[in-house]
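Undergrad: Got a structure for you, questions after.
In our numbering, the protein residues as written are 38 to 147.
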């Protein structure tokens, strides 16, 4: 096996992976808008809204701002968001996910 060079990931890539994973959770109807994030103004903006990654070496922590569907169990959905984001990032990068914090910022009634 060739072991030459380094493997790096940009913060935006980690946020995109987490956003895609979070948006796959049924009942959590997407993550929230983050107008201060440069990716929000681009084509993939809907996938990284409300996702913030903090990288320390080869480990990462996430803050997610999520909308939940009315009538759903918010605690169960938050735990599912945490598991899905951690699994996706860990499986795709091999990095340790230290924490996934979920803040419910909205409720969708539809």
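Beta carbons: idealized from backbone N, C-alpha and C, even for Gly.
Here the structure is a predicted model, which means the values were calculated and not measured.
By DSSP, does residue 99 sit in helix, in strand, or in coil?
TA: In the chain shown, residue 99 corresponds to position 62, counting from 1. DSSP places residue 99 in strand when its eight states are reduced to three.
Undergrad: Please identify the residue among 47, 55 and 140 whose C-alpha is closest to the C-alpha of residue 103.
TA: Here the question's residue 103 lines up with position 66 in the chain shown. When each option's Cα is compared against that of residue 103, the closest is 140.
Undergrad: Between the alpha carbons of residue 128 and residue 144, how many angstroms are there, rounded?
TA: What you label residue 128 is simply residue 91 of the chain shown in a count that begins at 1. What you label residue 144 is simply residue 107 of the chain shown in a count that begins at 1. The straight-line gap from Cα to Cα measures roughly 30 Å.
Undergrad: What residue does the alpha helix (DSSP H) around residue 116 start on, and which one ends it?
TA: Taking the first residue of the chain shown as position 1, residue 116 is located at position 79. Per DSSP, residue 116 belongs to the alpha helix (DSSP H) from 111-130.
Undergrad: Looking at the secondary structure, which residues open and close the alpha helix (DSSP H) in which residue 49 lies?
TA: To locate residue 49, count along the chain shown from 1; it is residue 12. Per DSSP, residue 49 belongs to the alpha helix (DSSP H) from 48-60.
Undergrad: Please go through the same chain and pick out, in chain order, the residues whose beta-carbon is closer than 6 Å to the beta-carbon of residue 123, but skip the five residues on each side of it.
TA: The residue you call residue 123 lines up with position 86 of the chain shown. So the qualifying residues of the chain are 134 and 137.
Undergrad: Spatial neighbours of residue 117 within its chain, please: C-beta separation below 7 Å, excluding the five flanking residues on both sides.
TA: Translated into positions along the chain shown, residue 117 becomes position 80. Result list for residue 117: 62, in chain order.
Undergrad: Give the C-beta separation of residue 132 and residue 98 to the nearest angstrom, bearing in mind that I take them to be a contact with Cβ-Cβ under 8 Å.
TA: Here the question's residue 132 lines up with position 95 in the chain shown. Here the question's residue 98 lines up with position 61 in the chain shown. Wrong, their Cβ atoms sit about 11 Å apart, outside the cutoff.
Undergrad: Rounded to whole angstroms, how far is the Cβ of residue 100 from the Cβ of residue 89, which I believe are closer than 8 Å?
TA: For the purposes of this step, residue 100 is taken as the residue at position 63 of the chain shown. For the purposes of this step, residue 89 is taken as the residue at position 52 of the chain shown. Their Cβ separation, rounded to whole angstroms, is 4 Å, which keeps residue 100 and residue 89 in contact under 8 Å.
Undergrad: Please list, in chain order, all residues of the same chain as residue 125 whose beta carbon is under 8 Å from its beta carbon, the five residues on each side excluded.
TA: If you number the chain shown from 1, residue 125 lands on position 88. Closer than 8 Å at Cβ, skipping near neighbours: 54, 55, 57 and 58.
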